[in-house]
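S.K.: Input: one structure, supplied below.
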Amino acid sequence: MAVVNNMINSTMQLYLEKGIDADGDPVFGRKSYSNIKLTALEQDVYDVGVGLAGLQQHTLNKIFRIDKGSLDNETTI
Numbered sequence: 005m006a007v008v009n010n011m012i013n014s015t016m017q018l019y020l021e022k023g024i025d026a027d028g029d030p031v032f033g034r035k036s037y038s039n040i041k042l043t044a045l046e047q048d049v050y051d052v053g054v055g056l057a058g059l060q061q062h063t064l065n066k067i068f069r070i071d072k073g074s075l076d077n078e079t080t081i
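Residue numbers (the working numbering): 5 to 81.
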């Protein structure tokens, strides 16, 4: 039997550099946007993330796309 991933939802997360701590290490924060269209292309998600990051007070470090799905057996006839 083959296993298939049935996508349930997708979230875009902006990883933002918020400043520097007392030891000189960067401090990061996250801003999440849920209900991303499951069929959205990675380039489109990235472009929207960059656009939204431009509206943020803090500097963009990374953009993550977090997909959640259920793994199910696919039966063949």
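Glycine is no exception: its CB is placed at the ideal position from the N, C-alpha and C atoms.
Rounded to whole angstroms, what is the Cα-Cα separation between Ser74 and Asp27?
M.R.: Rounded to whole angstroms, Ser74 to Asp27 spans 42 angstroms at the Cα level.
S.K.: Please list the terminal residues of the continuous beta strand (DSSP E) segment that includes Gly33.
M.R.: Where Gly33 is concerned, the enclosing beta strand (DSSP E) stretches over Pro30 to Tyr37.
S.K.: Among Asp71, Asn77 and Leu64, which residue has its Cα nearest to the Cα of Leu45?
M.R.: Measuring from the Cα of Leu45, the nearest candidate turns out to be Asp71.
S.K.: On a Cα-Cα basis, can you pick out the residue from Asp48, Asn10 and Leu20 that is closest to Asn65?
M.R.: Of the listed residues, the one whose Cα sits closest to Asn65 is Leu20.
S.K.: Near Ile67, which residues of its chain fall below 8 angstroms by C-beta distance, leaving aside the five closest residues on each side in sequence?
M.R.: Counting only Cβ-Cβ distances below 8 angstroms, and skipping sequence neighbours, we find Met16, Gln17, Leu18, Tyr19, Val49, Tyr50, Gly53, Val54 and Ala57.
S.K.: Going by DSSP, what residue range makes up the beta strand (DSSP E) through Ala6?
M.R.: Ala6 -> beta strand (DSSP E) spans Ala6 to Ile24.
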